[in-house]
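Input: a single structure, listed below in structure tokens.
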Amino acid sequence: MEGVTAAEELSPSPVRRLDLDTLTAIFHEVVREPENSQEAFKRLICLTHICHKWRVLGLGLAELWGDVAFVKAKNSEMFNILLSRAQNAPLSHPYPPAYPHSTNGAFEEQIDYTLSHVERFRRLWHTDLGGYDWAAVLLAKTFPSLESITLVCHRVSLNLMQAPIRAPVLCSLYLTGFFVPFEAPRLVSLRIRTQSLPVLTFDNSYLREVLLSVPNLVELGLDGCLPIGIQAGDATSPIALSRLRFISLGGPSLSLWTLLRQLRLGNPESVMIHLELGGLADDADAEHLTNALKPYLGGSSRNTVCIEPDGSSFFKACRLHSLDAQQEALGPILLTLHDPSNFETQWMFSDLYERLCRQFYAGQIEHLEITISPKTSHYKRLSLVNATALLVPQLANSVHTVLYHIDTSEFPEQAPMDFDLVPRCLQWNQETPVYPKLERLILRGSETMYASAVTANRALVELKGWLEYRIQLGKPLRTLTLQGEAYSSGLAPDPARLADDVAAWSPIRQIVDVVDERKLPAHSLGVE
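Each residue of the sequence shown is one higher than the one before, starting from 28 at the first, in this note's numbering.
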């Protein structure tokens, strides 16, 4: 090559000049970077086929072969080769977990090896396909290298009296269908999910013992196994988990607030909470639940409330800069229903919503998002809720932006619908303006929703009247934003329907600044 000396031409490339320690570090980074074990396996194979030096090095890195020894081996011979390359290094189950399909000819042998050498593993990932009794497999064993466990078992039991497993470096423990006692001082993530049966629930004193043994916990998920209540003589002193940032609890309200009120966190401002509510017993039950949530609702920077009375995710409080763009909700407090049929009675929604909203301080909530489906039963329920819950001062006297999402996803196209374009809570009082600080209303809906509004016209007439009435009361709406999908027909916009839309909204535009952000639906652009 012109300009290159003979010495330079014979000298090794920069990669070839790397020492073995540096190459080893690179191999580890490349192979362990992807979460998918199959991809890690492919990378390791590629590295061992670059050159002789790299192959010798790669074949000697037993810990990397231990990571991929349980990928989808085509046959027993391949599995045994991978095991031999792993030597005595810790092993890992693949992620995502393997299944006994024809593509994995050695699956049964892998399971047999796991059951008889479970102490060797660094990562245990397995879903229960063969009815294995994982509690018996793990019984009283010590796992010197185990970092994470994700196991599903249908032989349900809590095994509270079983000798604990000992895992000094275990960080993540996810068990579904069963539980085993453990000693894991470095645990940061604990999730236990069982069926909601009395024989599968902890008692309060035992659960406290478990949580007090893991002071470094960052994630906590308990579903179906929470104590039903506190027994006489049980300790109720605070459980300090200063690093906890995510809480997911599922069960009856009594179980949820019993645990919540015992937890003491370092920073309630940033914690994320998901409660899957299995039922409310009475008014006192709702009061206890909302009081337990007070440290996370009031006095924080959470400035947005989202409600969906006819959906499973019926309440969320979080921090949002605005309701416009899709953005990550900061510090969400989410309440969902395990069985929506348990909440058909009137008080369950109205009382619970009102109690939740009263936990905020005056001026805290700036944004309110309401999602409804235009069905008679849902409208009735929403009206009952709004009668008190959404008119509490903590909302009505501070909210300046309302997003009203009319969800028509369950309706066939062109199905007739009847709905309001103004949330019921904003219509409630006819003498004084409700939500006096309201400046902006965002309407979000589908092409079907907007088409129905133009066809029926009633909703637009009532919207116009509401806007005029706020002007009379000296509290005019400044901006009305339309979001969602506009009119189209087939693969191209329908000029006639667009013209009807412009005409229908023209009277509204004369009263308030209308910002139309609607887009043509995907199917009109030929996008499937």
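All C-beta atoms in this analysis are idealised placements derived from N, C-alpha and C, irrespective of residue type, glycine included.
| Item | Value |
| --- | --- |
| Nearest CA to the CA of W92: which residue from G293, T141 and N107? | N107 |
| Return helix, strand or coil for C252, following the three-state DSSP convention. | coil |
| Since L118 contacts F148 with CB under 8 Å, what's their CB separation in whole angstroms? | 5 Å |
| Quick one: grab the DSSP three-state call for H365. | coil |
| Thinking just about the alpha-carbon of each residue, which of L468, A478 and N484 is nearest to the one in R497? | L468 |
| Is E555 buried or exposed, if buried means 16 or more other CB atoms sit within 10 Å of its CB? | Interpretation of E555 is limited by its pLDDT of 45, a score under 50 that renders its predicted location unreliable; the figure taken from the coordinates is listed afterwards. Classification for E555: exposed. |
| What ranges does the alpha helix (DSSP H) occupy inside the stretch 201–243, keeping only unbroken runs of at least 4 residues that lie completely in it? | 231–239 |
| With distances taken Cα to Cα, identify the nearest neighbour of L470 among Q354, V488, V58 and V542. | V542 |
| For K101, count neighbouring Cβ atoms within 10 angstroms of its own Cβ and tell me buried if that reaches 16, exposed if not. | exposed |
| I'd like the span of the alpha helix (DSSP H) that includes A267, first residue to last. | Run containing A267: none in the alpha helix (DSSP H); it sits in the beta strand (DSSP E), I266 to L268. |
| With DSSP as the reference, label A34 as helix, strand or coil. | Note that A34 scores 47 on pLDDT, short of 50, meaning its location in the model is unreliable; the coordinates nonetheless yield the value given after this. Looking at A34 - three-state DSSP - the assignment turns out to be helix. |
| Please return the same chain residues whose Cβ sits closer than 6 Å to the Cβ of A167, not counting the five positions on each side in sequence. | A190 |
| Taking a contact to mean a Cβ-Cβ separation below 8 Å, would you say L214 touches L200 in this structure? | yes |
| Beta-carbon separation of I556 and I433 under 8 Å? | Residue 556 cannot be examined here, being either before or after the span of the chain that is shown, 28 to 555. |
| Helix, strand or coil for F134? Go by DSSP, reduced to three states. | helix |
| Go ahead and label V332 buried or exposed: buried means 16 or more other beta carbons lie within 10 angstroms of its beta carbon, across all protein chains shown. | buried |
| Which of the three DSSP states is assigned to C78 in this structure? | coil |
| Taking one C-beta from the stretch 330–346 and one from the stretch 305–313 each time, how about it: are there three or more such pairs within less than 8 Å? | no |
| Just curious, the beta strand (DSSP E) that G492 is in, first and last residue? | It is not in any beta strand (DSSP E) - G492 instead sits in the alpha helix (DSSP H) that spans R485 to Q499. |
| Quick check on S436: buried or exposed, where buried means 16 or more other Cβ atoms within 10 Å of its Cβ? | exposed |
| Anyone know if the C-beta pair for L253 and L286 falls short of 8 Å? | yes |
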